[in-house]
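Asks: Here's a structure for you.
Protein chains in written order, with the numbering used here: chain A, 1 to 113; chain B, 1001 to 1116.
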């Protein structure tokens, strides 16, 4: 079956690192994604990782993928108040000719001073 | 501009009303999607249109009726909705899956629907 799970809430202090975790079920997934949703807005792609990679770094963002455990994490270094948002993990199982992304429920990140 | 525009941004309707949500994309994509976002629940994929043909319909009640007249426009027609249908409805678009497509979806800002 297809299922993506993530914790619903994370609170961090400004300047600290944030780690948002996600587990997925479909081992055939080719890409895994992190989307960000700010208040009143749609989802925006933050970063993605191809399934044959273990890690991807992009400025303050580090994505770690453990295919054996089907675990994906997003680390945000030096978290800022502007990082406060909902972060969605998503996978894309191999099926069809379109991008059928399966999303988690989202993790709400609250950054406090 | 996000490239994917949804109207209206907010809609309040009674259970007997008929209304429509509109989505327009200017990105040259040929797949379009409707997702439903409810609080504390995963995004639910409702419908997918690929090359203007509906390719996915995830057991959505018939009170939701999609329409895709061309590759740039997508509608969601609503009639006799229930209060539990209140949610944020997100439209997205993408290229069809072929290398080097990374599978990214481009989302609109959503239409917040309240059913009284």
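Every residue gets a Cβ at the ideal spot worked out from N, C-alpha and C, and that includes glycine.
Only a predicted model underlies this, so the values are computations on that prediction, with no experimental measurement involved.
(1) Using a Cβ-Cβ cut-off of less than 7 Å, list which residues of the region 1072-1104 of chain B approach chain A; keep chain order.
(2) When the Cα atoms are used, what is the spatial distance from residue 70/A to residue 93/A?
(3) List, in order along the chain, the chain E residues whose C-beta lies closer than 7 Å to that of residue 64/A?
(4) Could you work out which residue in 1116/B, 1105/B, 1091/B and 1104/B is closest to residue 1007/B when comparing CA atoms only?
(5) Please tell me whether residue 1009/B and residue 1109/B are closer than 8 Å, where the distance is taken between their beta carbons.
(6) Could you list which residues in chain B have their beta carbon closer than 7 Å to that of residue 41/A, in chain order?
(7) From what residue to what residue does the beta strand (DSSP E) around residue 1066/B run?
(8) Residues of chain A with a CB under 8 Å from the CB of residue 1040/B: which are they?
(9) When we look at the beta-carbon of residue 1012/B and count the other beta-carbons within 10 Å, is it buried (16 or more) or exposed?
(10) Closest by CA to residue 1077/B, which one among 1093/B, 1032/B, 1020/B and 1014/B?
(11) Consider the Cβ of residue 1060/B: report whether some Cβ of chain A lies at a distance smaller than 8 Å.
(12) Looking at the structure shown, is residue 1084/B part of a helix, part of a strand, or coil, going by DSSP?
(13) Quick check: the Cα distance between residue 20/A and residue 33/A, rounded to an integer number of angstroms?
(14) Based on Cα-Cα distance, which residue from 1116/B, 1042/B, 1113/B and 1103/B lies nearest to residue 30/A?
(15) At a CB distance below 7 Å, what residues from the region 1022-1039 of chain B approach chain A? Give them in sequence order.
(16) To which residues does DSSP link residue 13/A through a beta bridge?
Replies: According to the structure shown:
(1) 1090, 1094, 1096, 1097, 1102, 1103 and 1104
(2) Locating residue 70/A in the first chain gives position 70, counting from the first residue. Locating residue 93/A in the first chain gives position 93, counting from the first residue. Residue 70/A and residue 93/A: Cα-Cα distance of roughly 13 Å.
(3) The structure shown contains no chain E; its protein chains are A and B.
(4) By one-based count along the second chain, residue 1007/B stands at place 7. The option with the nearest alpha carbon to residue 1007/B is 1091/B.
(5) Here residue 1009/B corresponds to residue number 9 of the second chain, with the count starting at 1. Here residue 1109/B corresponds to residue number 109 of the second chain, with the count starting at 1. The answer is yes: Cβ separation under 8 Å.
(6) Counting from 1 along the first chain, the entry for residue 41/A is found at position 41. Under the 7 Å cutoff, chain B gives 1109.
(7) Taking the first residue of the second chain as position 1, residue 1066/B is located at position 66. Where residue 1066/B is concerned, the enclosing beta strand (DSSP E) stretches over 1064-1070.
(8) Taking the first residue of the second chain as position 1, residue 1040/B is located at position 40. 8 and 105, listed in chain order.
(9) Translated into positions along the second chain, residue 1012/B becomes position 12. Counting Cβ neighbours within 10 Å, residue 1012/B comes out exposed, since fewer than 16 surround it.
(10) Working through the second chain from its first residue, we reach residue 1077/B at position 77. Cα-wise, what sits closest to residue 1077/B is 1020/B.
(11) By one-based count along the second chain, residue 1060/B stands at place 60. By this cut-off, residue 1060/B is not an interface position.
(12) Within the second chain, numbered from 1, the residue matching residue 1084/B stands at position 84. Residue 1084/B falls in the helix class under three-state DSSP.
(13) Mapped onto the first chain, residue 20/A falls at position 20. Mapped onto the first chain, residue 33/A falls at position 33. If I take the Cα positions, the gap works out to 12 Å.
(14) Translated into positions along the first chain, residue 30/A becomes position 30. Cα-wise, what sits closest to residue 30/A is 1103/B.
(15) 1031
(16) Here residue 13/A is taken as the residue at index 13 of the first chain, counted from 1. Paired residues: 112/A.
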